[in-house]
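Encoded as structure tokens, the structure appears first; notes follow it.
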Amino acid sequence: TLNCSDELLKLSSSDWKYGPWVASLNGKIPLRNSSKLNVGFNTSIRLENVNNSELNVQATLPLEFEGRGVVAGDLLADLILNPLPLSQVGSRFDIPMAGTLSVKGQVLGPLSSLKTDLSLEMTNPQFNGLRLQEEWRGDFVGSPGGGGDLQMRSFGAAIPGALAARLRPDWS
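All residue numbers for the sequence shown refer to the working numbering, where the first residue is 32 and numbers rise by one.
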């Protein structure tokens, strides 16, 4: 539902479902400046039947009317993924995994070349038969056009570990 009052266009909260995913979305557009709009939206995405493990996104995207078109400015999106049980993800894709994953960070820049800066935390990760009883923390810095760099370190491990990976634009 769209509501317009006090120079503000509001998109009331709406729920969406796609397969095992459930999303909630709401937004607002201040209408004070007729040639520039700063679209703001909030969304929450989670797996069905997995409560308290949602991805929350708060974002703004400036839009400017130029001539007969609309030009998008730089997106600014703050992301927070509350601890997600990996067993729930793995069961959806037939991949045995366990532990939890948490993420916090930003996606920003022009829509054609977004940059990503995320802090990651995995607790007791397990993939197939390999289980690590430790915590891993690190960062993923995404490149415009895809790919990026991942740096992770273990904490609380008997033997400290580190992981570094550079992903190409095609994510290989």
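We put the beta carbon where it would ideally sit given N, CA and C, even for glycine.
All values derive from a computational prediction rather than experimental measurement.
Within 8 Å, strictly: CB atoms of residue i and residue j
i, j, result
"Phe171", "Leu149", "yes"
"Leu56", "Ser84", "no"
"Asn69", "Pro61", "yes"
"Met183", "Leu151", "yes"
"Pro191", "Asn159", "no"
Beta-carbon separation (whole angstroms), residue i vs residue j, contact threshold 8 Å
i, j, result
"Leu106", "Val138", "7 Å"
"Lys41", "Lys67", "Contact flag wrong, Cβ pair sits at about 18 Å."
"Ala90", "Ala108", "4 Å"
Residue nearest to residue i in terms of C-alpha spacing, selected from the options
i, options, result
"Gly140", "Ser55, Asn155, Pro175 and Asp37", "Pro175"
"Leu86", "Gly104, Gly173 and Ile111", "Ile111"
"Arg168", "Arg63, Leu198 and Pro156", "Pro156"
"Phe96", "Asn64, Ala108, Val81 and Lys59", "Asn64"
"Phe186", "Thr154, Arg197, Leu142 and Pro200", "Thr154"
"Ile76", "Thr91, Arg199, Ser44 and Leu92", "Ser44"
"Ser143", "Gly177, Gly100, Val88 and Ser122", "Gly177"
"Gln81", "Ala193, Ala195, Gln164 and Thr131", "One point to set straight first is that residue 81 is Val, not Gln, in the sequence displayed. Here the closest residue by C-alpha is Thr131."
"Ala188", "Gln164, Gln119 and Pro51", "Gln164"
"Val53", "Ser36, Leu78, Gln119 and Leu39", "Leu78"
"Asn252", "Asn159, Val88, Leu194 and Asp37", "What the structure shows of the chain is the stretch from 32 to 203, and residue 252 is not part of that stretch, so it cannot be assessed."
"Ser13", "Ala129, Ala108 and Ala90", "Residue 13 lies beyond the range of the chain shown here (32 to 203); nothing can be said about it."
"Arg197", "Asp180, Ser203 and Gly136", "Asp180"
"Gly121", "Leu94, Pro51, Ala193 and Gly136", "Pro51"
"Leu92", "Leu145, Lys48 and Tyr49", "Leu145"
"Leu194", "Glu166, Gly71, Pro200 and Val101", "Glu166"
"Leu39", "Lys48, Gly71, Trp202 and Asp46", "Gly71"
Closer than 7 Å: residue i CB and nearest the ligand HEM heavy atom
i, result
"Gln137", "This structure lacks the ligand HEM; in fact it carries no ligand of any kind."
Which full runs of the alpha helix (DSSP H) of 4+ residues lie inside the stretch 54–137, going along the chain?
117–124
Extract the residue ranges of the beta strand (DSSP E) inside the stretch 129–202, only unbroken runs of 3 or more that lie entirely within it.
146–158, 166–173, 179–186 and 193–198
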